[in-house]
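A short worksheet on the structure shown next.
In this note's numbering, the protein residues as written are 14 to 288.
Have a look at this one:
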């Protein structure tokens with residue numbers, strides 16, 4: 014996949030243009046509604062997303078042996094509940110802290126339009142971060158499924174394009190630093206591990222010269238012998254594999270992380286059947 018200088022989203026709209034339009038819309042909304050109310054509303058949403066992401070990563074560990082193979086639907090439902098709890102509880106706390114700040118001056122109506130527009134970048138950035146985290150996670154899990162099952166699990170084109178736009182260039186580097194859920198090393202590691210389910214594909218991957226540096230890492234070899242990893246791969250449970258502490262810890266191993274960064278996605282390919 015080539016990295017374009019100007020990432021695009023569905024409809025061939027350059028990402029910077031979309032960001033600019035969104036920022037303008039938020040500035041207008043701040044002028045109409047009041048900047049403090051807008052910031053508080055968006056902050057509640059961002060905290061809800063953070064809570065949901067935390068539940069998504071920790072839920073399989075909490076479920077333990079009770080539900081050894083939680084589906085993506087179950088994890089998504091638990092994340093939604095966790096996000097809703099975070100959203101409403103943070104709203105209650107913010108109401109207690111800022112409840113007395115609903116006067117005309119506090120809502121920002123006495124500020125100049127230029128200052129309101131500048132302050133509106135705060136909620137704009139929070140919303141774009143929250144949306145980007147969700148889209149990167151969804152797109153990554155769909156991409157792993159496609160690698161495992163080929164065209165039978167092809168994600169929507171708009172999701173593939175959006176994930177690419179949020180993973181490349183300056184935007185991608187920013188999200189790699191700010192996204193607490195989806196790191197490129199974890200995604201690439203999962204993409205490689207799912208090939209282990211099919212002996213033909215796994216043979217093709219492990220014998221690929223470009224993959225030798227990854228396959229030979231002790232941290233990677235330990236994952237191949239891990240019972241939880243084998244279970245998740247064997248059941249094509251990508252959400253579970255993605256959230257396994259063993260996988261996420263291995264992706265932070267300096268040597269393995271460096272090796273994963275050197276592998277390009279086309280090299281983690283679906284092996285052709287041997288005829």
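Built from N, CA and C at the ideal position, the CB exists for glycine as well. Treat the numbers as computed from the prediction; the structure is a model and nothing was measured.
Asked: Would a check of beta-carbon distances place residue 132 closer than 7 Å to chain C?; Found: In the structure shown, chain C cannot be found, because there is only a single protein chain.
Asked: Per DSSP, what kind of secondary structure is residue 81 in: helix, strand or coil?; Found: coil
Asked: One question on the structure: do residue 137 and residue 36 come within less than 7 Å of each other, judged by their Cβ atoms?; Found: yes
Asked: So which of 237, 168 and 30 has the shortest CA-CA distance to residue 314?; Found: With the chain covering 14 to 288 only, the question about residue 314 has no answer from this structure.
Asked: List the endpoints of the continuous alpha helix (DSSP H) containing residue 240.; Found: 240-247
Asked: Cβ atoms of residue 148 and residue 175: under 7 Å apart, would you say?; Found: yes
Asked: Measuring only the C-alpha atoms, how far is residue 141 from residue 44?; Found: 19 Å
Asked: What are the boundary residues of the alpha helix (DSSP H) that includes residue 145?; Found: 134-162
Asked: Quick one, which of 259, 261 and 252 has its alpha-carbon nearest residue 92's?; Found: 252
Asked: Three or more beta-carbon pairs under 8 Å between the region 233-248 and the region 43-57, yes or no?; Found: no
Asked: Please look up how many angstroms separate the CB atoms of residue 40 and residue 130, rounded, as I've assumed it's under 8 Å.; Found: 4 Å
Asked: Can you tell me whether DSSP reads residue 179 as helix, strand or coil?; Found: coil
Asked: To which residues of the same chain is residue 151 closer than 7 Å at the C-beta, ignoring the five residues directly before and after it?; Found: 172
Asked: Within this structure, are the beta carbons of residue 157 and residue 204 separated by less than 7 Å?; Found: yes
Asked: Spatial neighbours of residue 193 within its chain, please: C-beta separation below 7 Å, excluding the five flanking residues on both sides.; Found: 66
Asked: Anyone know if the C-beta pair for residue 272 and residue 202 falls short of 7 Å?; Found: no
Asked: Given 6 Å as the limit, tell me if residue 196 has its C-beta closer than that to any heavy atom belonging to the ligand ZN.; Found: Of the ligands one can find in the structure shown there are none, so the ligand ZN has no counterpart to examine.
Asked: Do residue 179 and residue 145 count as a contact pair if the criterion is CB distance below 7 Å?; Found: yes
Asked: At 4 residues or longer, and completely inside the region 39-103: list those alpha helix (DSSP H) runs for me, N to C.; Found: 48-76
Asked: According to DSSP, is residue 124 helix, strand or coil?; Found: coil
Asked: Between residue 268 and residue 254, how many whole angstroms is the CB-CB distance? I'm expecting something under 8 Å.; Found: Residue 268 to residue 254, Cβ: 21 Å. No contact.
Asked: Do you know whose CA, among 34, 74 and 60, lies nearest residue 261's CA?; Found: 74
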